[in-house]
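K.L.:
I'd like to ask you about the structure that follows.
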Amino acid sequence: MFARGLKRKCAEDEEAAPAYSLQRQSLLDMSLVKLQLCHMLVEPNLCRSVLIANTVRQIQEEMTQDGSWCVPVPQTAGRASRDRLVSTEILCRSAREGARPAHDPGDPASELQVVPAAQAPGAPPGGVWDGDGPRENRGSFHKSLDQIFETLESQSPGAVQELFSDVDGSYYDLDAVLTGMVGGAKSGQDGLEAFAATAAPSPSAGCKSDLGELDHVVEILVET
Amino acid sequence: MVGWRSQSRDLQQDAILADRASSQDPLGSPLPKMIPGIGAFTQDTLWCFSQVKGTMETGTTEADIISTVEFNHTGELLATGDKGGRVVIFQREQESKNQVHRRGEYNVYSTFQSHEPEFDYLKSLEIEEKINKIRWLPQQNAAYFLLSTNDKTVKLWKVSERDKRPEGYNLKDEEGRLRDPATITTLRVPVLRPMDLMVEATPRRVFANAHTYHINSISVNSDYETYMSADDLRINLWNFEITNQSFNIVDIKPANMEELTEVITAAEFHPHHCNTFVYSSSKGTIRLCDMRASALCDRHTKFFEEPEDPSNRSFFSEIISSISDVKFSHSGRYIMTRDYLTVKVWDLNMENRPIETYQVHDYLRSKLCSLYENDCIFDKFECVWNGSDSVIMTGSYNNFFRMFDRNTKRDVTLEASRENSKPRAILKPRKVCVGGKRRKDEISVDSLDFSKKILHTAWHPSENIIAVAATNNLYIFQDKVN
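Next up, the structure:
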């Protein structure tokens with residue numbers, strides 16, 4: 001069922017993803033989830049982890065050859081690939097996407113679009129993979145795989161935390177994402193805009209509404 | 001021998017095999033005498049249910065799941081290890097003249113807790129007490145010795161009988177309390193009096209702290225003085241007498257763990273040459289090493305690998321090529337390997353491909369994605385030789401197990417189930433229907449129960465008696481008695 005067959009270039013078909021590419025992507029996602037589900041009480045099975053990691057490498061190599069592992073430059077292509085990300089990242093938690101500065105800053109709607117994905121129940125933290133993202137080039141992908149192995153090597157829960165250390169922990173708090181308070185100045189501006197768009201009926205940001213938002217945020221933080 | 005149905009043709013065949021083997025053994029060792037009568041796997045060989053051990057309840061406690069099965073060198077004892085760290089040893093009862101039709105049954109001989117769950121405080125991780133492997137030592141005196149191992153620690157157990165006890169001590173009374181020497185007026189010699197048979201298991205050696213990764217194999221050397229233990233990345237050589245030291249003989253850990261792509265999956269010593277051993281890998285390769293070459297056997301003497309079939313290539317090719325078990329034949333001429341879909345027999349003199357390949361359940365090839373999803377693709381099946389190396393056996397799903405006769409090229413699928421468990425009931429061959437019309441007795445691939453897997457089996461060293469572990473039950477089958 002996964003026999004090598006059709007190879008398609010990424011640029012050729014953005015509208016209708018061929019079955020093979022979808023299946024391959026789904027296999028990739030499944031593999032990544034399997035690698036991360038090693039959060040354990042007992043040490044993970046090294047043989048299994050190595051075999052899954054090798055499978056991931058294989059897929060990634062093929063995707064690189066195909067050109068499917070591409071960096072989107074034009075806006076439309078970028079939008080399409082981000083849409084694709086939404087569907088696949090049901091498996092890999094993508095809370096960070098919601099607060100990331102949008103590629104087209106004038107469109108908070110795109111941020112909102114991604115937020116529901118982060119609400120997917122039971123989605124494991126996929127910070128590392130999302131942080132680098134399939135948009136990134138091969139180098140950072142390998143980095144992520146290697147981090148996994150260093151984690152397995154050190155075999156301590158502390159190391160697993162380190163794996164996600166570059167991801168702000170508060171990203172996993174949906175409320176924090178919505179309020180756009182995460183990441184400080186980096187994404188604060190856009191995040192607040194997004195929040196304002198959903199919460200407040202009027203887009204005007206006066207002093208009063210800012211204070212109101214701050215109270216709301218403090219309320220949430222205090223409760224959690 | 002009781003219960004043999006041997007046709008003259010098969011005796012002839014065995015004799016020919018024995019001659020061929022002895023004249024052509026490349027390693028020049030004297031072969032054990034081929035036992036005539038075994039290996040006759042004609043249509044006349046019928047397997048019958050003999051016994052089943054374990055609870056019948058459907059709700060299984062995890063601790064009762066059998067994780068290893070092993071006969072000792074005479075076949076008198078059968079040991080099982082389970083996930084709860086316990087070892088249960090069965091002993092074959094003496095065959096009585098009165099019951100010619102009933103071959104010796106196996107009854108519980110000894111039960112003991114071999115390993116306990118541990119906690120590694122440095123890594124904040126639990127160490128499972130599950131017994132990964134048991135290996136018997138050859139018997140050298142009245143006591144029995146076996147090695148049992150979990151992920152981290154190997155233990156040598158002594159199992160001995162006590163059927164007499166001394167009575168009549170001078171300094172102690174009957175309850176063992178010390179007597180006041182002033183009250184002793186006469187001396188007597190203590191005598192041994194019979195008592196109810198007691199079987200004791202005592203840990204004689206504990207070989208710990210030598211493995212960073214999970215131990216997957218142990219193997220007793222033919223010198224009976226040393227043994228090896230293998231984990232995912234390293235193999236250590238031990239002397240039975242020394243527990244605080246071991247020699248590292250194989251180390252495939254890369255300097256940079258990021259470069260790790262292959263692990264050790266199984267290892268075994270050659271049955272006759274104490275300097276030779278093999279180990280298999282997750283990439284489907286086998287390496288044969290000679291300890292005389294160097295202290296660290298980094299460079300193999302032989303490297304066995306079958307070239308990949310390009311027409312069958314998929315993303316799962318590597319995973320299904322990972323070898324889950326490797327076993328030398330009793331003769332020492334061949335090695336058998338088990339990967340996910342096949343069993344292969346290799347001649348030690350031919351490294352570039354196996355001499356025989358047997359399909360265990362090729363109908364699973366189109367289901368690999370689902371089996372990857374539910375993790376079944378990572379199941380580690382074992383394989384075993386019969387006493388004469390003419391038949392090989394391995395397990396499958398749905399409590400099926402398969403036997404392949406290397407001479408007749410015939411194979412059979414049998415099932416370990418309670419339904420077939422009437423005394424001396426003949427096992428009916430099973431068949432999996434791969435497509436199209438399913439016949440009455442066949443079972444379709446989609447109906448297979450993948451939670452019922454037979455990973456561990458054992459074959460008596462000289463008779464047609466097999467032990468099959470089905471989750472928490474141990475089935476014993478024998479060939480039909482006349």
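Protein chains in written order, with full-length UniProt numbering: chain A, 1 to 224; chain B, 1 to 482. Think of the CB as a built atom: it goes at the ideal place given N, C-alpha and C, for glycine as much as any other residue. What you are looking at is a predicted structure, and each value in this text was computed from that prediction instead of being measured.
(1) Beta-carbon within less than 6 Å of residue 152 (chain B)'s beta-carbon, same chain only, minus the 5 sequence neighbours each way: which residues are those?
(2) Which residues bound the beta strand (DSSP E) around residue 266 (chain B)?
(3) Whole-angstrom Cβ separation of residue 182 (chain B) and residue 160 (chain B), contact assumed at under 8 Å?
(4) With distances taken between CB atoms, is the gap from residue 92 (chain B) to residue 156 (chain B) smaller than 8 Å?
(5) Residue 173 (chain B) and residue 195 (chain B) look like a contact to me (Cβ under 8 Å); what is the Cβ gap, rounded to whole Å?
(6) With DSSP collapsed to three states, give me the class of residue 19 (chain A).
(7) Are the CB atoms of residue 262 (chain B) and residue 252 (chain B) nearer to each other than 8 Å?
(8) Can you pull out the residues from the region 44 to 67 of chain A whose beta carbon lies closer than 7 Å to at least one beta carbon of chain B?
(9) For residue 119 (chain B), does the count of other Cβ atoms within 10 angstroms reach 16, so buried, or fall short, so exposed?
(10) So, does the region 365 to 372 of chain B touch the region 412 to 421 of chain B, judging by three or more C-beta pairs under 8 Å?
(11) Output the distance between the C-alpha atoms of residue 455 (chain B) and residue 178 (chain B), rounded to the nearest integer angstrom.
(12) Under 9 Å, CB to CB, which of the residues in the region 386 to 417 of chain B have a partner in chain A?
(13) What do you get for residue 395 (chain B), buried or exposed, if any count of 16 or more other CB atoms within 10 angstroms of its CB means buried?
(14) List, in chain order, every chain A residue whose beta-carbon is nearer than 7 Å to that of residue 319 (chain B).
(15) Closer than 9 Å, Cβ to any Cβ of chain A: which residues of the region 92 to 124 of chain B, in chain order?
(16) Contact check, residue 303 (chain B) vs residue 228 (chain B) under 8 Å by CB: the rounded distance?
(17) Mind reading off the beta-carbon distance from residue 443 (chain B) to residue 106 (chain B)? Whole number of angstroms is fine, and I expect it under 8 Å.
(18) Going by beta carbon distance, what residues of the same chain come within less than 6 Å of residue 88 (chain B), once the five residues before and after it are set aside?
(19) Between the region 128 to 142 of chain B and the region 214 to 233 of chain B, can you find at least three pairs of beta-carbon atoms closer than 8 Å?
(20) Quick check for students: name the residue ranges of the alpha helix (DSSP H) that lie wholly in the region 247 to 329 of chain B, counting only runs of 4 or more.
(21) Measuring only the C-alpha atoms, how far is residue 233 (chain B) from residue 264 (chain B)?
(22) Which residue marks the beginning of the beta strand (DSSP E) containing residue 469 (chain B), and which one marks its end?
(23) Please report whether the beta-carbon of residue 36 (chain A) lies at a distance below 8 Å from any beta-carbon of chain B.
(24) Does DSSP put residue 67 (chain B) in a helix, a strand or coil?
(25) Just how far apart, CA to CA, sit residue 449 (chain B) and residue 397 (chain B)?
(26) Could you say which of B:349, B:279 and B:430 lies nearest to residue 403 (chain B) if we only look at CA atoms?
(27) DSSP three-state call for residue 340 (chain B): helix, strand or coil?
(28) Are the C-beta atoms of residue 27 (chain A) and some chain B residue less than 8 Å apart?
(29) Just verifying my parser: in three-state terms, what is the DSSP assignment at residue 401 (chain B)?
(30) Taking the straight line between their C-alpha atoms, what separation do you get for residue 132 (chain B) and residue 188 (chain B)?
(31) Could you have a look at residue 124 (chain B) and say whether DSSP puts it in helix, strand or coil?
(32) Considering residue 134 (chain B), what are the terminal residues of the beta strand (DSSP E) in which it resides?
(33) Less than 8 Å between the beta carbons of residue 341 (chain B) and residue 360 (chain B), yes or no?
(34) Does the Cβ-Cβ distance between residue 64 (chain B) and residue 85 (chain B) come in under 8 Å?
(35) Tell me which residues of the region 252 to 263 of chain B have at least one Cβ-Cβ distance to chain E shorter than 8 Å, keeping chain order.
(36) Based on the DSSP output, what are the partners of residue 174 (chain B) in its beta bridges?
P.N.:
Put simply:
(1) 127 and 211
(2) 264 to 269
(3) In fact, because the Cβ distance is near 37 Å, the residues do not count as touching under 8 Å.
(4) no
(5) Not quite, the Cβ-Cβ distance comes to about 18 Å (not below 8 Å), so this is no contact.
(6) helix
(7) yes
(8) 46, 47, 48, 50, 51, 54, 55, 58 and 59
(9) exposed
(10) no
(11) 54 Å
(12) none
(13) buried
(14) 51 and 55
(15) 120, 122, 123 and 124
(16) So it is not a contact: roughly 19 Å between Cβ atoms.
(17) Contact doesn't hold; Cβ gap of about 30 Å is too wide.
(18) 80 and 111
(19) yes
(20) 317 to 321
(21) 6 Å
(22) 465 to 470
(23) no
(24) strand
(25) 6 Å
(26) B:430
(27) coil
(28) yes
(29) strand
(30) 50 Å
(31) coil
(32) 133 to 136
(33) yes
(34) no
(35) Note that chain E does not occur in the displayed structure, where the protein chains are A and B.
(36) Answer by DSSP bridge pairing: none, since residue 174 (chain B) is not bridged.
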